[in-house]
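> Mind having a look at this structure? Questions to follow.
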Amino acid sequence: REQAMFMTMPVVSGAARLVPGNVWRRVGDRTVGRRVDGQPFGAWAASELRRSSAVAVLEAASAIGRYSSHAWIGEIDVPTAVVVTTKDDLVPARRQRRLAESIPGATVVEVDADHLACVTAASRFVPALVDACRVVTSGSLTNSA
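Each residue of the sequence shown is one higher than the last, beginning at 221 in the numbering used here.
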């Protein structure tokens, strides 16, 4: 599903050049806007989305979808921790765990939250991030989230 979505990005981005901005803003309000509605940062995020160029956002998403670290990720040779957001619907937890498995000796620190956890679930995310930082600086995990 993800690959299909990213493969269509260039076509969607091209189409975005032909669609009036106000139409894209309505689409954004109905999709992304729903996701952030009621969140403490929701009004700001919706405002940023409305100010952004649909073409630029879609092209950025396309570039992210094409990016791959497969060629070099296994060469990382420093202490590493990966914070996995287990309820993430943007980057599935299985992909986050696969990233960690690709890094020799990486530690996984899980957070029972979604992709926006650093903002919407800071009380759970920050302790996990601190634990991840402890892992890479001292090699020990004190509290798994």
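Backbone N, C-alpha and C define an ideal beta-carbon position, used for all residues, glycine too.
How is Ala301 classed by DSSP in three states: helix, strand or coil?
The residue you call residue 301 lines up with position 81 of the sequence shown. In the structure shown, Ala301 sits in a strand (DSSP, three-state: E or B).
> Decide if Val231 is buried, meaning its Cβ has at least 16 other Cβ atoms within 10 Å, or exposed.
Taking the sequence shown and counting its residues from 1, one reaches residue 231 at position 11. Exposed: under 16 other Cβ atoms inside 10 Å.
> How is Thr306 classed by DSSP in three states: helix, strand or coil?
The sequence position of residue 306 within the sequence shown is 86, counting from 1. Thr306 falls in the coil class under three-state DSSP.
> Can you tell me whether DSSP reads Val328 as helix, strand or coil?
Position 108 of the sequence shown, counted from the start, is the residue given in the question as residue 328. When DSSP states are grouped into helix, strand and coil, Val328 belongs to the strand group.
> Exposed or buried, which one is Met225 when buried takes at least 16 other CB atoms within 10 Å?
The count along the sequence shown starts at 1 and reaches residue 225 at position 5. Met225 should be labelled exposed.
> Identify which residue in Gln316, Ala280, Ile323 has its Cα closest to the Cα of Pro299.
Locating residue 299 in the sequence shown gives position 79, where the first residue counts as 1. For Pro299, the nearest C-alpha among the options comes from Ile323.
> Given that a residue counts as buried once 16 or more other Cβ atoms are within 10 Å of its Cβ, and exposed if not, what is Ala266?
As a working note, residue 266 is residue 46 in the sequence shown. Ala266 is buried by the Cβ-count criterion.
> Let me know the secondary structure DSSP gives Gly258 once reduced to three states.
Here the question's residue 258 lines up with position 38 in the sequence shown. Three-state DSSP puts Gly258 in coil, outside helix and strand.
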